[in-house]
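Everything below concerns the one structure shown next.
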Amino acid sequence: MNGPDSRLRVVLEAVAAALLLALLSPLLVLVALAVLTTSRGPVLFRQERLGLGGHPFTMIKFRTMTVDNDEAVHRRYVTALLTSDEAPHGGDEGVYKLTADPRVTRVGSLLRRTSLDELTQLWNVVRGEMAFVGPRPVLRWEEELFPEWSRRRFDVRPGLTGLWQVRGRSSLTYHQALALDVEYVGSRTPWLDLRIFAVTPVALLDRRRAR
55 MNGPDSRLRV VLEAVAAALL LALLSPLLVL VALAVLTTSR GPVLFRQERL
105 GLGGHPFTMI KFRTMTVDND EAVHRRYVTA LLTSDEAPHG GDEGVYKLTA
155 DPRVTRVGSL LRRTSLDELT QLWNVVRGEM AFVGPRPVLR WEEELFPEWS
205 RRRFDVRPGL TGLWQVRGRS SLTYHQALAL DVEYVGSRTP WLDLRIFAVT
255 PVALLDRRRA R
């Protein structure tokens, strides 16, 4: 089942995502209130990401950062991850993510550790822009730094979860994550998707990986 998804799969995932949004609505309201009452700015954060075929779409998340922040530090770090011979850690040894990002709010830090900020991406699944399982949706400037061998990751829709999330998350370098994306595209089956989706909650509870 490699390659682009069938229309039937897109529709079935959209229906499932809509049902999940309805079931999770009380939790979504609580998260929205937590964001709204603890920091200045909108509840939701919208950002252009690249999806199937490298085409842009607007990804939706709960806001986890202060408004009007400067992304320069994060951009320099990710650029170093993609271009340096030896990947720099992000503050804690063995963690390839900025662990003390001053842009992240206190509530935002909790939402990121638990991935609750990403629940709103179910709406992107409803719209057919994302899947339940697939590569992580990336920014355009990140994609411009990707090695040529990783381009196959855009042969499928990005996902809410994927091999990167369940096999290491922030303990993996960016190049290792890209390699897992390519591995997933080359070996994806409904059974693999079910396995990834089933073990995602366990991976999220692993604090060593969820930083």
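Here this note's numbering is used: the first residue of the sequence shown is 55, the next is one more, and so on. All C-beta atoms, glycine included, are put in the ideal place defined by N, C-alpha and C.
- In the three-state reduction of the DSSP assignment, G105 falls in the coil class.
- A76 places its beta carbon 8 Å or farther from that of V180.
- Rounded to the nearest whole angstrom, the CA to CA distance from V64 to A70 is 10 Å.
- For R100, the pairing in a beta bridge is given by DSSP as I114.
- By the C-beta density criterion, E183 is buried, having at least 16 other C-beta atoms within 10 angstroms.
- L173 has its alpha-carbon roughly 19 Å from the corresponding atom of T120.
- Per DSSP, L81 lies in no beta strand (DSSP E); the unbroken alpha helix (DSSP H) holding it starts and ends at 79-92.
- Where F251 is concerned, the enclosing alpha helix (DSSP H) starts and stops at 244-259.
- The Cβ neighbour count for P244, taken over all protein chains shown within 10 Å, is under 16; the residue is labelled exposed.
- Beta-bridge analysis with DSSP links M119 to V158.
- When only Cα atoms are considered, L248 and P212 end up about 16 Å apart.
- In the three-state reduction of the DSSP assignment, L226 falls in the coil class, being assigned neither a helical nor a strand state.
- The beta-carbon separation of E102 and T112, rounded to 6 Å, stays under the 8 Å limit for a contact.
- Only residues of its own chain outside the window of five on either side were considered, and among them none has a CB closer than 8 Å to the CB of D122.
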